[in-house]
Every structure is written in structure tokens, then in C-alpha cells.
Amino acid sequence: MKNILHFLTPIVILAIAVSGFMALKMGREESPLIHSDEVVWRVDAMVATPAENRPQLTLYGITEAETFSEIKSTLAAEVINILSHEGDQVEKGTPLVELDSRESALLVLQRQAEINEINSQIELEEIKYHANVDTLQREQQLLQLSRGELQRIRKLKKGSMVSDSAADQALQEVERQLIKVAGRQQQIDEYKPRKRRLQAQRERLQALLSQTRLDLERATLFAPYSAVVHKIPVAPGGLVRPGDLVVSLYDPGSIQIRAQIPRTSIQQVRHGLEDGKDISMEGVVDGIPLQAKLVRLVSNQIDEVGGIEGIFTVTRAAMPPLPGRALQLSVTLPAIAGTIVIPYEALYENSRVYLIDEDGRLDPVTVSTLGWGSAADKSLIVVRSPELKAGDRVVTTHLPEAMKGLKVNHQQSGIRDEKNE
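Note that the numbering used here has the sequence shown beginning at 8, numbered continuously upward.
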């Protein structure tokens, strides 16, 4: 009996516990379900109206002179006088720097003396030539006489009327005369080569004389064109050598502006230039307003990753700007069809905007930024995307938590897409 009670006791306790738990569960009141409302963001929106707009780019450039000259010394000389100063505007032919020319003048006299000596040698060669021609004729006559004498002696020798020694002497005389004729002919044949050699020496000396005279003329350095003196790195009493910079200058009418073109605008700018469209700019340098237009593109790198620079020529300025001055410029690009102007706040990560779909939820669209919508107003930007269509509602309020599918409540924004002429 004790064993049975020992076995049933845990079972009875477990049954009582389960019955109590079920009674408590059935007797409690059910809690009502809590429903959380979805957050709806209030935003402003604009209606997209694609049109032709002219984007504005803000670039940073530097002025430079297209025509810039460095005049260097062609002789070793002392600087005698500085005739112009840095910053002076000079006319073509204005003397700038004067060098000591006495050494060049002496060298001119030396070259001329060498040429006179060569001329004398050529005259002597001509005299020798004519004398050799006359002498050759006489020696040829003597050769004929010697040959006739040799033939006469040989005939007498057959009759035993002369000795062998007489015949040998006559033969030797003929041979000696042949040697003289050959030697004289050689001197005559050498006349033309010797004369050509002397003439070549004379021409070389004449070229050196011309160079020396040119150096003598360059002892005074003149402005090659109407220009502004940029730099004179020498002073009176200083010594210069051939190749040393003496003065540099530039044409103030050749001032141009070099600016880096953004990678995103290179294709558009190139097409505009090829189509002959006007790409103009405005800027201020040293307080002087100026206008310019793009004339060409240049690349400092051969590979495709190198930067592209635009060269602008100044079309209007109160006075020519100085070279080497940095400035900020606003460039107006050619009109682009199918673009819209949006507030800068509507752009996310410089490549995305959000549309509002029919259910009032955000739908991201990737766009290409083309430039500012106005040169004076940096709050507007021109964008383009094949997914943007007329009538689309573009969110113009910048949401920090913007994402696809976010519920919004929009109202029509006062900003609308305008045609930027």
C-alpha cells in the first residue's frame, strides 16, 4: 500500500498543477491588439517639364599669354645698359637691352682678314694654273724634239755611226721629258680641286662672318613685336653667355584663359565645339570683368585618363588682364533638350532624385548632373535622365531618411522647371 501511494503522489501533484494553470489561463482577460500607424513624411514636390536648358559650369582657370617670347644672348658680353623695364609696354623695334659689342666687332675684322687671305690663295692658284698650261705646251714641244732626236740617233746607230752611250743619253732625255710633262699635267689637274677646297673655306668663313655680324647687330636687343616686358633678369655690369636669358615679353592681345573641364561635361563640350555652338564664359580677374569664348580643347596626357583643358580667348575686357592670374569663371554650355531644372535640395549623392508614384511612395531615379541652372543662383541644377518624363512629380524637400517606398504627403512646390536660355 505504501508503494502505491509513493507512486501516485507525484502524478496527483502534477495533475493539480496543470488544472490550476488551465483555470488561470481561461479566466484572464484578453489584452487588445495595438496597431501602429505608418509615418507619412510631408514634402514639397514639383512637376517635371523637360525642355531645352543651357547648363552653367563654375570653373577655375588661369590667365596666360599665348604669344610669349624669351630673348636670349647669342654672345658672351657685358651688359652695358638696360633700356626698358619690367611692365613697360613697348612697340615693335624698341631697344630693350644693350650688350658690349667690341669683341664682336674685332671678330668681324678677323673673319674678314681670313676671307681676304683665302681670296689671295685662290688668285695665286689661278696664276699657277695659267703658268702651268703655258709651260706644259713648251715641255710637250721639247718632248717631241727629244723623241725625234732619239729616232735619228737610233738610225745612225744602225750604221755604226754613233756609240751606244749616245743612244742611251737620247733615251734618258726622252724619259726625263715625259716625267716633266706628266708632273706638269698633274699640277694642272689638281688646280680645280684645290680651287674648290679654297672656295669652300671661303664660303665657311663668309658664313662665320655673317654670323658674327648678326651677333654684332644683336648686341642691342629689340622688341620683336608690340609687347609688355615681362622680366629682365640682368643688370648693367653683369656678364651673359650665349643662351642666357636677357629679357622676356608677351603680347597683351594674346592673353587667354586655361581652365580644367569636368569629366562629366567633356563630351557635351566637344560636341558643342564640333557643331560650331557658342560656349561663352564670364569672370572677374583683379576686379576687371571680362568675357571670353571657348576656342579649343587640349589634353596634357596621351592616355584617356588625362585631364582635358579648355582654352578661352578674351572677347571683352575693360583692359587686358595680366598673365598668371587665377580666377573663377562661369561657363554657359550649349542648350540641351530633354533636361529639367531642379532645386539642389532635390539631388541625392549628386546622381539621384526621388519621384512620387501613384500610391504616394518614393521611387528613386538616377540622373546625370549637367551644371547649374543659373550663373547667379547656385540653388538650381540642370539634370537629365531617360526615366524622367513630363508630368513626373519630383520631391524637392531633402529627406535624411529617403528610401524607396517611403510614404509621403506632398504639396505642389513653388519652384517649377524653367527654360534656361
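Cβ coordinates follow ideal geometry from the N, Cα and C atoms, glycine included.
Just so you know, these numbers come straight off a predicted model, no measurement behind them.
In this structure, Leu82 and Asp222 form a Cβ contact; the two beta carbons are roughly 5 Å apart against a cut-off of 8 Å. In the structure shown, the three-state DSSP call for Glu352 is helix. Per DSSP, Pro249 lies in no beta strand (DSSP E) and is assigned neither H nor E. Per the coordinates, the alpha-carbon of Val104 lies some 27 Å from the alpha-carbon of Thr70. Separation of Ala242 and Ser261 (C-alpha to C-alpha, rounded to the nearest whole angstrom) is 28 Å. Put simply, the region 337–349 touches the region 52–63. At least three CB pairs are less than 8 Å apart. With contacts defined by Cβ atoms closer than 8 Å, Leu212 and Gln128 do not form a contacting pair.
Under the three-state reduction of DSSP, Ala397 is assigned to coil, being neither helix nor strand.
The secondary-structure analysis by DSSP pairs Asp370 across a beta bridge with Leu362.
Between the region 347–359 and the region 292–304, the count of C-beta pairs closer than 8 Å stays below three; the two stretches do not touch. Residue nearest to Leu336 within the set Ala299, Ala353 and Ala173 is Ala299 (criterion: CA-CA distance). In the DSSP annotation of this structure, the continuous segment of the alpha helix (DSSP H) that includes Val188 starts and ends at Asp171 to Asp196. Comparing alpha carbon positions, the residue from Arg109, Ile264, Gly380 and Met326 closest to Ala333 is Ile264.
Using a 10 angstroms sphere on the CB of Leu377, the tally of other CB atoms reaches 16 or more, which defines it as buried. If the five residues before and after Met326 are omitted, its C-beta is found closer than 7 Å to the C-beta atoms of Ile295, all from its own chain and listed in chain order. In terms of Cβ geometry, Gly331 and Pro57 do not form a close pair [threshold 8 Å]. The beta carbon of Ala234 is closer than 7 Å to those of Val97, Leu256, Tyr257 and Asp258 in its chain, skipping five residues each way along the sequence. Taking all protein chains shown into account, Val46 has fewer than 16 neighbouring C-beta atoms within 10 Å of its C-beta and is therefore exposed. The three-state reading of DSSP puts Tyr136 in helix, counting H, G and I together. Counting other Cβ atoms within 10 Å of its Cβ, Pro328 reaches 16 or more and is therefore classed as buried. When the five nearest sequence neighbours on each side are left out, the beta carbons in the same chain lying within less than 8 Å of the beta carbon of Val402 are those of Val50, Asp51, Ala52, Ala353, Val360, Tyr361, Leu362, Ile363, Leu369, Ala409, Val415 and His417, in order along the chain.
Cβ-Cβ distances below 6 Å link Leu413 to Leu369 in the same chain, with the five nearest sequence neighbours on each side left out; the list follows chain order.
Annotation: Ser80 to Ile268 spans about 39 Å, alpha carbon to alpha carbon. Linking Glu180 to Ser217 through their CA atoms gives a straight-line distance of about 55 Å.
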